[in-house]
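A.B. asks: For the sequence shown, the residue numbers in the working numbering are 48 to 349.
Glycine included, C-beta positions come from ideal geometry on N, C-alpha and C.
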Amino acid sequence: MRIAVTGADGFIGRYLLPILLAQGHQVAAVSRRAGHLPQPGLSWLQADLLDAGQVRQAMAEAEAECLIHLAWFVEHGRFWTAAENFAWCDATAGLLAAFNEFGGKRAVLAGTCAEYDWNYGYCVEGKTPTVPATLYGKCKDAARQFAEHFCRDNGIEWVWGRLFTPYGPGEPAGRFVPSVLSAMGRGEVLKCSHGRQFRDFLHASDVAAAFAHLAANTPATGVFNIASGEPMRLADIVAICAGLFEAEPAVEFGAVPVAEYDPLMLVGCADKLAATGWAARISIRDGLADYRIKINELKGSE
């Protein structure tokens with residue numbers, strides 16, 4: 048299958064490309080940046096997805112049967128409230144229109160757990176209301192509604208994958224897991240919130256495998272949580288990370304205030320995705336241990 052991937056050089060995209068290539072797909076990777084080297088089965092298309100003309104040209108060149116749309120504005124610390132969310136909502140609509148124009152058949156798009164009403168804590172597709180608390184969530188949900196109706200009206204199979212808490216080497220340094228491991232590795236006092244929040248962590252390679260599975264290995268359509276389904280307390284993640292170091296790291300819980308919109312529990316039911324034949328392969332303990340090794344390797348190469 049020929050598959051176009053947006054956000055191909057982003058956090059999840061870098062894990063996704065080798066999976067698709069290993070499965071024998073022809074991949075057209077779309078990126079705003081130039082200079083990527085092609086390889087067997089993989090071609091790079093340079094396009095700014097906020098430019099309608101460039102989007103149309105990229106989809107014309109891709110000639111893709113399937114689209115995996117990962118790109119969005121995700122600058123750490125800004126994306127929750129950034130005005131750029133509006134532009135990316137419109138860009139998603141334009142991308143789908145161009146994909147349809149050039150013969151697209153199946154679209155798999157990245158959504159977010161921020162679409163759900165966080166008062167429920169445990170989120171189930173089709174049962175938990177979608178009442179976003181943030182601008183990011185509202186724009187993602189608006190894109191989801193457009194995608195659902197546009198794809199159905201134009202005979203395109205559509206899948207919306209709601210991400211919870213992906214982690215792994217390559218994620219922004221300011222996010223929870225890398226900030227914990229980095230502080231511990233430097234021997235600094237880790238200052239964090241009270242740590243009583245429950246989150247749903249899933250390794251980026253498992254997230255990418257879920258997108259590949261939904262794109263080409265199942266005929267299922269609709270909304271799917273891309274989640275582990277296992278609630279993990281942030282304080283327990285800190286404890287697992289601490290166990291990876293010889294000297295016990297110093298941790299100061301309660302030193303960082305919790306954002307007003309930050310829910311105590313945000314976990315996704317993974318049953319619907321599992322019913323299609325997908326399963327996570329990396330446990331949280333193995334994933335964190337590998338993460339620490341990767342951080343050490345990067346330090347050693349500096």
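Going by the CB atoms, is the gap between L249 and C288 shorter than 8 Å?
C.D. replies: It is not a contact, given that the beta carbons lie outside the stated cut-off.
A.B. asks: Between the alpha carbons of E349 and K174, how many angstroms are there, rounded?
C.D. replies: Note that E349 scores 45 on pLDDT, short of 50, meaning its location in the model is unreliable and no value can be drawn from it.
A.B. asks: Between which two residues does the alpha helix (DSSP H) carrying H72 extend?
C.D. replies: Careful: H72 lies outside any alpha helix (DSSP H) and carries neither H nor E.
A.B. asks: Could you pull out every unbroken alpha helix (DSSP H) segment of at least 4 residues lying fully inside the region 289-347, listed in chain order?
C.D. replies: Fully enclosed alpha helix (DSSP H) runs of 4 or longer: 318-321.
A.B. asks: At what residues does the beta strand (DSSP E) containing G239 begin and finish?
C.D. replies: The residue asked about is misnamed: residue 239 is Cys in this sequence, not Gly. Unbroken beta strand (DSSP E) run through C239: 237-239.
A.B. asks: Kindly provide the ranges of any alpha helix (DSSP H) runs that are 4 or more residues long and lie completely inside the region 112-199, ordered along the chain.
C.D. replies: Entirely contained in the region 112-199, the alpha helix (DSSP H) runs reaching 4 residues are, in chain order, 131-148.
A.B. asks: Which same chain residues end up closer than 6 Å to I273 when comparing Cβ atoms and leaving out the 5 residues on each side of it in sequence?
C.D. replies: Excluding sequence neighbours, I273 sits near G208, L210, V254, A257.
A.B. asks: Within the chosen definition, does the region 158-178 reach the region 310-322 through at least 3 CB pairs nearer than 8 Å?
C.D. replies: They touch, by the three-pair rule.
A.B. asks: Mark V236 as exposed unless 16 or more other C-beta atoms lie within 10 angstroms of its C-beta, in which case mark it buried.
C.D. replies: Per the 10 Å Cβ criterion, exposed.
A.B. asks: Alpha carbon to alpha carbon, what distance is there between E307 and L68?
C.D. replies: Roughly 42 Å separates the two Cα atoms.
A.B. asks: Going by alpha carbons, who is nearest to E131 out of K187, V155, V285, T159?
C.D. replies: When each option's Cα is compared against that of E131, the closest is K187.
A.B. asks: Less than 8 Å between C-beta atoms, sequence neighbours within five positions excluded: which residues of the same chain meet that for I342?
C.D. replies: Excluding positions up to five away in sequence, the list reads P216, P225, L228, S229, G232.
A.B. asks: Mark P179 as exposed unless 16 or more other C-beta atoms lie within 10 angstroms of its C-beta, in which case mark it buried.
C.D. replies: With 16 or more Cβ atoms within 10 Å of its Cβ, P179 is classed as buried.
A.B. asks: Beta-carbon separation of A99 and R79 under 8 Å?
C.D. replies: It is not a contact, given that the beta carbons lie outside the stated cut-off.
A.B. asks: Helix or strand or just coil, what does DSSP make of H83?
C.D. replies: In the structure shown, H83 sits in coil (DSSP, three-state: anything other than H, G, I, E or B).
A.B. asks: My output table needs one value for R222: the three-state DSSP class, helix, strand or coil.
C.D. replies: In this structure, R222 counts as coil in the three-state DSSP scheme.
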